[in-house]
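*Asks:* Using numbering that gives the first Met the number 0, the first residue of the sequence shown is number 0, and each one after it goes up by one.
Positions of the beta carbon are idealized from the N, C-alpha and C atoms, including for glycine.
Below you will find the structure I want to go over with you.
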Amino acid sequence: MPEPEVIITAQKIGKYFYEPEKFKVLNDVSFEAYRGEFLTLVGKSGSGKSTLLYCLSTMDTDYEGELFIASEKVTGQTPNQLAALRNHSIGFVFQFHYLLPEFSCLKNVMIPALKMGKYKAAEIEERAYQQLDLLGLKDQALKPASKLSGGQQQRVSIARALINEPKIVLCDEPTGNLDSKNAQIVFDIFKKLSTENQQTIIAVTHDADFAAASDRIIELADGSIL
0 MPEPEVIITA
10 QKIGKYFYEP
20 EKFKVLNDVS
30 FEAYRGEFLT
40 LVGKSGSGKS
50 TLLYCLSTMD
60 TDYEGELFIA
70 SEKVTGQTPN
80 QLAALRNHSI
90 GFVFQFHYLL
100 PEFSCLKNVM
110 IPALKMGKYK
120 AAEIEERAYQ
130 QLDLLGLKDQ
140 ALKPASKLSG
150 GQQQRVSIAR
160 ALINEPKIVL
170 CDEPTGNLDS
180 KNAQIVFDIF
190 KKLSTENQQT
200 IIAVTHDADF
210 AAASDRIIEL
220 ADGSIL
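Shown next, in the form of structure tokens:
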């Protein structure tokens with residue numbers, strides 16, 4: 000068996016909040032995540048799991064310690080370098096979908112790829128259709144996002160996160176607003192992405208069943224890994 004490829008290395012990630020007073024929210028957190036792994040971060044509210052996810056996403060750079068993505072040190076990179084890295088290598092799925100309601104589903108999915116500018120618009124449109132098809136939404140492509148159900152909107156947001164074929168997909172409570180049927184659909188999508196596409200999925204969740212069915216659980220308490 001070949002050694003699994005390390006995609007993320009977090010080394011002694013420490014993080015403070017300063018309001019209402021100085022408080023250490025992450026306490027020297029170290030772990031590795033592998034290519035094609037489906038990992039869940041669990042813990043009580045305030046345990047630091049969402050804060051850790053935002054540090055891993057490179058959107059929050061105000062931390063101690065070092066972060067490596069695909070063996071490249073990202074700690075200390077400029078905002079422009081990090082923005083390019085995110086657009087290319089990291090997809091993000093939020094609990095609330097943040098779709099542009101007046102745009103069609105197709106247009107919403109195309110936005111990150113248009114921003115990256117690597118492909119022509121016609122090719123991006125074709126790729127967006129493929130992603131929507133993967134998520135069972137091809138027939139809804141031209142509908143305004145506001146006309147979809149909550150479960151459908153969350154799937155559109157997943158398609159948007161996948162359009163640039165990121166190595167890493169980070170999810171903050173992706174099933175938090177969904178009923179159990181839609182939560183299962185979303186789980187199955189992530190499972191498929193990790194096993195078939197070898198994408199690394201890291202999801203913060205309060206859903207015990209969702210976590211239990213993932214490849215590995217990292218539990219946080221008071222800013223430390225248990």
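For the region 74-161, list the alpha helix (DSSP H) runs that are entirely contained and at least 4 residues long, ordered along the chain.
*Replies:* If we require 4 residues or more, the alpha helix (DSSP H) runs fully inside the region 74-161 come out as 78-88, 104-115, 120-133, 149-161.
*Asks:* Does any residue of chain B have a CB that is nearer than 7 Å to the CB of Arg85?
*Replies:* The structure shown contains no chain B; it is built from a single protein chain.
*Asks:* Distance check for Gln198 and Cys170, CA to CA, integer angstroms please.
*Replies:* Here residue 170 is taken as the residue at index 171 of the sequence shown, counted from 1. Here residue 198 is taken as the residue at index 199 of the sequence shown, counted from 1. Rounded to the nearest angstrom, the two C-alpha atoms are 13 Å apart.
*Asks:* Whole angstroms is fine: what's the gap from Lys48's alpha carbon to Val41's?
*Replies:* Here residue 48 refers to the residue found at position 49 of the sequence shown. Here residue 41 refers to the residue found at position 42 of the sequence shown. Their backbone Cα atoms lie some 7 Å apart in a straight line.
*Asks:* Looking only at its own chain, which residues have a Cβ that is under 6 Å from the Cβ of Asn26, when we skip the five neighbours before and after it?
*Replies:* Here the question's residue 26 lines up with position 27 in the sequence shown. Only Gly222, Ser223 meet the Cβ criterion.
*Asks:* Beta-carbon within less than 6 Å of Leu38's beta-carbon, same chain only, minus the 5 sequence neighbours each way: which residues are those?
*Replies:* Residue numbering aside, residue 38 sits at position 39 when the sequence shown is read from its first letter. The answer, listed in chain order, is Ala32, Ile201, Arg215.
*Asks:* Could you check what DSSP says for Ala202 in three-state terms: helix, strand or coil?
*Replies:* The count along the sequence shown starts at 1 and reaches residue 202 at position 203. Ala202: strand per DSSP, three-state reduction.
*Asks:* Let me check understanding here. Comparing Cα to Cα, which of Gly135, Asn196, Glu63 lies closest to Gly75?
*Replies:* Sequence index remark: in the sequence shown, residue 75 carries index 76 (1-based). Cα-wise, what sits closest to Gly75 is Glu63.
*Asks:* Looking at C-beta atoms only, is the number of pairs between the region 171-183 and the region 90-108 that lie closer than 8 Å three or more?
*Replies:* Yes, they touch.
*Asks:* Three-state secondary structure (DSSP) at Asn26?
*Replies:* Position 27 of the sequence shown, counting from 1, holds the residue named residue 26. Asn26 falls in the strand class under three-state DSSP.
*Asks:* Once you ignore the five residues that flank Tyr53 on each side, which residues in its own chain have a CB closer than 7 Å to its CB?
*Replies:* Looking up residue 53 in the sequence shown gives position 54. Only Asp59 meet the Cβ criterion.
*Asks:* Any heavy atom of the ligand GTP closer than 6 Å to the CB of Tyr33?
*Replies:* Ligands are entirely absent from the displayed structure, and the ligand GTP is therefore not among its contents.
*Asks:* If you draw a straight line from the C-alpha of Lys117 to the C-alpha of Leu133, how long is it?
*Replies:* Position 118 of the sequence shown, counted from the first residue, corresponds to residue 117. Position 134 of the sequence shown, counted from the first residue, corresponds to residue 133. Taking the straight line joining both Cα atoms gives about 22 Å.
*Asks:* So is Glu164 buried or exposed if we call it buried at 16+ other beta carbons inside 10 Å?
*Replies:* In the sequence shown, counting from the first residue as 1, residue 164 sits at position 165. Exposed, because fewer than 16 other Cβ atoms sit within 10 Å of the Cβ of Glu164.
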